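Enquirer: First the structure, then my questions, so here it is.
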Amino acid sequence: MNKDPEKFPEKIEFTPIGYVENDYLEPEYNEEIYEKVSKITLKNELTDGLYRIEELEKLYILFYFSRSKGYKLINRRRYDGEIAGVFASRSPFRPNGIGLTLVELVKVEGNVLYVKGLDAINGTPVLDIKPYLKEIEEETKN
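The sequence shown begins at 3 in our numbering and counts up one residue at a time.
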């Protein structure tokens with residue numbers, strides 16, 4: 003196992019697989035966003051990757067906080083007001099700006115996913131989509 007930080011890659015690049023479409027234009031905390039439906043439009047050439055996704059109830063969406071600049075290691079958490087480290091919070095101001103949200107899959111139309119509960123603003127680049135499998139998630143807790 004490589005434990006030498008000097009050997010870690012200096013930079014890692016990602017290419018968005020799609021983008022978020024919704025009515026949220028500014029990055030602000032709003033509890034209502036969890037009740038709204040957003041669209042995730044994938045690049046056309048990735049549509050086949052959605053094969054059988056409609057069999058799933060929930061998905062993890064990984065996205066890039068493209069409008070968040072900089073970060074602080076210690077912040078006040080928005081959800082409970084407590085002071086905590088960035089890795090103990092859901093702050094969009096992170097060293098790598100990667101967001102993760104568990105959403106409910108509403109429907110699929112071609113290369114477009116309709117999801118409920120995505121806390122990303124309009125135009126946010128989506129990096130990946132992964133299935134939430136209740137049996138596996140609960141199994142790993144034991």
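Glycine residues also receive a C-beta, built at the ideal position from the N, C-alpha and C atoms.
Keep in mind the model is a prediction, meaning the values are calculated, not measured.
(1) So the candidates are P97, K71, V22; which of them puts its Cα closest to the Cα of V105?
(2) E141 by DSSP, collapsed to three states: which one?
(3) Sorted by chain position, which residues of the same chain lie with C-beta nearer than 7 Å to P133's C-beta, five sequence neighbours on each side aside?
(4) Can you list, in chain order, the residues of its chain whose CB lies under 7 Å from that of N46, leaving out five sequence neighbours each side?
(5) Taking I19 as the reference, give the member of I138, E141, V128, L135 with the closest Cα.
(6) Who are N77's beta bridge partners in DSSP?
(7) Mind checking which residues open and close the beta strand (DSSP E) that includes P20?
(8) Where do the ends of the beta strand (DSSP E) carrying P127 lie?
(9) In angstroms with no decimal places, state the Cα-to-Cα distance between Y116 and K74.
(10) Report the option in P11, T103, E141, D121 whose CA atom is closest to the CA atom of I63.
(11) Please name the residue in E84, N98, I85 whose C-alpha comes closest to that of G72.
(12) Can you round the beta-carbon distance between N124 and Y26 to whole angstroms, since I take them to be within the 8 Å contact cut?
(13) Specify the secondary structure class of G72 as computed by DSSP and reduced to three states.
(14) Buried or exposed: L44, going by 16 or more other Cβ atoms within 10 Å of its Cβ?
Expert: By the coordinates alone:
(1) The sequence position of residue 105 within the sequence shown is 103, counting from 1. It is V22 whose Cα lies nearest to the Cα of V105.
(2) Along the sequence shown, read from residue 1 onward, the residue named residue 141 stands at position 139. In the structure shown, E141 sits in a helix (DSSP, three-state: H, G or I).
(3) As a first step, residue 133 is located in the sequence shown; it is residue number 131 there, counting from the start. Within the same chain, P133 has close Cβ partners L58, L61.
(4) To locate residue 46, count along the sequence shown from 1; it is residue 44. Excluding residues within five positions, the ones whose Cβ falls inside 7 Å are N113.
(5) Walking along the sequence shown from the start, residue 19 turns up at place 17. It is V128 whose Cα lies nearest to the Cα of I19.
(6) Here residue 77 is taken as the residue at index 75 of the sequence shown, counted from 1. Answer by DSSP bridge pairing, in chain order: A86.
(7) As a working mapping, residue 20 is identified with position 18 in the sequence shown. Checking the sequence shown, residue 20 turns out to be Gly, not Pro. Start and end: 20–23.
(8) The residue you call residue 127 lines up with position 125 of the sequence shown. P127 -> beta strand (DSSP E) spans 127–133.
(9) What you label residue 116 is simply residue 114 of the sequence shown in a count that begins at 1. What you label residue 74 is simply residue 72 of the sequence shown in a count that begins at 1. Their Cα atoms are separated by approximately 33 Å.
(10) Taking the first residue of the sequence shown as position 1, residue 63 is located at position 61. Measuring from the Cα of I63, the nearest candidate turns out to be T103.
(11) What you label residue 72 is simply residue 70 of the sequence shown in a count that begins at 1. When only C-alpha atoms are compared, the closest one is N98.
(12) By one-based count along the sequence shown, residue 124 stands at place 122. By one-based count along the sequence shown, residue 26 stands at place 24. Right, their Cβ atoms sit about 6 Å apart.
(13) Working through the sequence shown from its first residue, we reach residue 72 at position 70. Coil, per DSSP.
(14) Here residue 44 corresponds to residue number 42 of the sequence shown, with the count starting at 1. Classification of L44: buried, given that the 10 Å Cβ count is 16 or more.
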